[in-house]
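FYI, in my numbering the residues of the sequence shown are 135 to 576.
Quick reminder that beta carbons are idealized off the backbone N, C-alpha and C, glycines included.
Model, not experiment: these values are computed from the prediction.
Quick notes on the structure that follows.
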Amino acid sequence: MSLPLPYYNDDPKSFAYPTIHKRWPTIIQDAIKDVESASEKPGKSEILSRLNNLLTAFKNDEVVREFTDTEVKLVPELAYYNTSLEECNKVKKVTWQTGPWLYLECYLYQFINVIFVEFKWQNYDVFQNLKTQTFKSSEFGVLELCKRYQSLSKQLESVKDQETLELLFNEFIDISLWGNATDLSLLAGNITLEDIKSVQGAEVRKKNEENILINDLSKAWKHYSSQSGKRIDIVLDNSGFELFADLILSLFLLDTKLAESVHLHCKEIPWFVSDTMPKDFQDLLNQLQDPSFYPNIHKDEPEAIKLVHDEIENYFKSGKIVITHDPFWTLDYNYWSIPRFPVYKELLKSNLIIFKGDLNYRKLTGDLQWDKTTPFKTALQELATSKLPVLSLRTCKADVVVGLPQGVNEKLIEQYKNMGNEIGEFWSSSGKWAVISFNQGI
Ligand code: F6P
Ligand code: MG
Numbered sequence: 135m136s137l138p139l140p141y142y143n144d145d146p147k148s149f150a151y152p153t154i155h156k157r158w159p160t161i162i163q164d165a166i167k168d169v170e171s172a173s174e175k176p177g178k179s180e181i182l183s184r185l186n187n188l189l190t191a192f193k194n195d196e197v198v199r200e201f202t203d204t205e206v207k208l209v210p211e212l213a214y215y216n217t218s219l220e221e222c223n224k225v226k227k228v229t230w231q232t233g234p235w236l237y238l239e240c241y242l243y244q245f246i247n248v249i250f251v252e253f254k255w256q257n258y259d260v261f262q263n264l265k266t267q268t269f270k271s272s273e274f275g276v277l278e279l280c281k282r283y284q285s286l287s288k289q290l291e292s293v294k295d296q297e298t299l300e301l302l303f304n305e306f307i308d309i310s311l312w313g314n315a316t317d318l319s320l321l322a323g324n325i326t327l328e329d330i331k332s333v334q335g336a337e338v339r340k341k342n343e344e345n346i347l348i349n350d351l352s353k354a355w356k357h358y359s360s361q362s363g364k365r366i367d368i369v370l371d372n373s374g375f376e377l378f379a380d381l382i383l384s385l386f387l388l389d390t391k392l393a394e395s396v397h398l399h400c401k402e403i404p405w406f407v408s409d410t411m412p413k414d415f416q417d418l419l420n421q422l423q424d425p426s427f428y429p430n431i432h433k434d435e436p437e438a439i440k441l442v443h444d445e446i447e448n449y450f451k452s453g454k455i456v457i458t459h460d461p462f463w464t465l466d467y468n469y470w471s472i473p474r475f476p477v478y479k480e481l482l483k484s485n486l487i488i489f490k491g492d493l494n495y496r497k498l499t500g501d502l503q504w505d506k507t508t509p510f511k512t513a514l515q516e517l518a519t520s521k522l523p524v525l526s527l528r529t530c531k532a533d534v535v536v537g538l539p540q541g542v543n544e545k546l547i548e549q550y551k552n553m554g555n556e557i558g559e560f561w562s563s564s565g566k567w568a569v570i571s572f573n574q575g576i
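Shown next, in the form of structure tokens:
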């Protein structure tokens, strides 16, 4: 079967188009401001000049270059990018404004990273300030989840009947799913901090239930509850509120003994602005403990936030919450290739692998222009029969969506236009709809 084409940056009906013309320039401009405000260190002016050159390269639609030997020496994964670029160039010379969206977006974050590595600013996360500031403004959502967890925590250990466990599983998965509505790379486009706050509460989650277009959760539950092993892996997406929601899900899984361990997979470099790196987990623990970070929660519900913090820390110390990372997650490769990489061996030990968020979904499905009724299993290609049970929790923030019933895409295009949006197809990048898709891997 021949595969559909990928999404390209010059397709005005693809979310790639506003991405290259608006969102990426804003992300780079913000990065420049961040470096400008950093303390004086060798390399600062060179870094600034490289970032400014990148802005010019977008504007002038320059040809995208290979990573140099020096860069590949500094970051060996870049060799994979060069191989892919050679392949893409065979189809059409890759330029910033016309090349394949997914490839270029991954390339962009590696390109930024290697600049900092070259000038020995390795531990500098250019998105750190934005991550911290946005998590700080998530106080309302954090408070609500702390209270919900506190009200349940004493009972969780004693819940034994499958029906109640499944209901609770659904609720905590829902919390983790909508935690994905807070992606900071979208702040560079059409979403505000106010919007983010407004998607963090229980009431909104309830209201949004009808916006979950595909819900395979009962299939996932049936698969997981019939397993003898009890390990869950979460391929994380964003730090801050989404990571907090994923940790609340982890507490639920461990308290109820639904899981014996939860393995959280992080990125090794600053990625798509807000993705979780191992140090973001440590930062989050410190922020929960710091009364000046969330003054209201510490004043009104000090016990609830302490409970959540201590539980996470205890599970982490006892090895039940495992923080892990692998360079595979920041390659441009889609996830059909997982079986060819070392990370596969680790994932085979899992009884359920939860892939969080939009980018993971794009990589699961290859970010190709699939017809939206294509079965999820088909879009997973080799991964579909790799023995990895895949559960994707994704709020839709890009073009690719599969598994929809006939007619739903057309209806949503109309509906989105009627909501006052010029391009109806952008319903799938608005973050207002979500999908929960499962494939058992056999
Ligand atoms: O569509 C906006 C976007 O920034 C995409 O470029 C990217 O796939 C995605 O959002 C990142 O979102 P998430 O954090 O959910 O993976
Ligand atoms: Mg992300």
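DSSP puts residue i in a beta bridge; with which residues?
i, result
"R365", "S395"
"F489", "V369 and S526"
"S571", "S526"
"Y142", "P234"
"V197", "T229"
"L502", "P140"
"D409", "N372"
"C400", "H459"
Just to confirm, are residue i and residue j a CB contact at a threshold of 8 Å?
i, j, result
"L525", "I576", "no"
"F148", "D533", "Sequence inspection shows Ser at residue 148; the Phe mentioned does not correspond to that position. Result yes, Cβ atoms of S148 and D533 sit closer than 8 Å."
"K506", "N543", "yes"
"A315", "T529", "yes"
"F510", "S571", "yes"
"L188", "I162", "yes"
"P140", "P234", "yes"
"I439", "C280", "yes"
"F406", "G313", "no"
"D164", "L264", "yes"
"F261", "E180", "no"
"L610", "E211", "One cannot answer for residue 610 here, as it falls past the ends of the chain, which runs 135 to 576."
Can you look up residue i in the DSSP assignment and give me helix, strand or coil?
i, result
"T458", "strand"
"Y358", "helix"
"I557", "coil"
"D350", "coil"
"D389", "helix"
"L482", "coil"
"L321", "For L321, the pLDDT reaches just 49, beneath the cut-off of 50, and the residue's location in the model is therefore unreliable, leaving the point undetermined."
"D533", "coil"
"D295", "coil"
"A315", "coil"
"I162", "helix"
"D308", "helix"
"H542", "His is not the amino acid found at residue 542; the sequence shown has Val there. If DSSP states are grouped into helix, strand and coil, V542 belongs with the helices."
"D424", "coil"
"E447", "helix"
"G275", "helix"
"A172", "coil"
"P210", "coil"
"S564", "coil"
"D380", "helix"
"F250", "helix"
"T153", "helix"
For residue i, which option in the options has the closest C-alpha, if you only look at C-alpha atoms?
i, options, result
"K391", "F415, D414, S292 and T507", "S292"
"Q256", "L377, P404 and G363", "P404"
"T298", "L493, R339 and W355", "W355"
"W158", "K193, S136, K413 and W561", "K193"
"T458", "L486, I431 and K413", "K413"
"R474", "E516, Q289 and F427", "E516"
"N573", "V228, K521, S173 and K531", "K521"
"E337", "K364, D367, L290 and R282", "R282"
"T499", "V248, A513 and F462", "A513"
"S426", "A165, E273 and I181", "E273"
"R496", "F245, Y237 and K270", "Y237"
"H443", "D417, W463, L465 and D466", "D417"
"N216", "F261, T202, L208 and W312", "T202"
"V477", "L486, N485, K490 and W463", "W463"
"Q231", "Y142, Q267 and L383", "Y142"
"E305", "V228, K227 and S384", "S384"
"G363", "V396, L286, Q267 and L546", "V396"
Do you know how far the Cα of residue j is from the Cα of residue i?
i, j, result
"S360", "K353", "11 Å"
"A172", "D350", "46 Å"
"L387", "K454", "11 Å"
"F450", "D367", "14 Å"
"V535", "W504", "8 Å"
"P461", "S373", "18 Å"
"L482", "H357", "15 Å"
"H155", "D195", "10 Å"
"D144", "I307", "36 Å"
"E556", "L538", "23 Å"
If we cut at 8 Å on Cβ distances, does residue i have a partner in chain B?
i, result
"F450", "Looking for chain B here will not work: only one protein chain is present."
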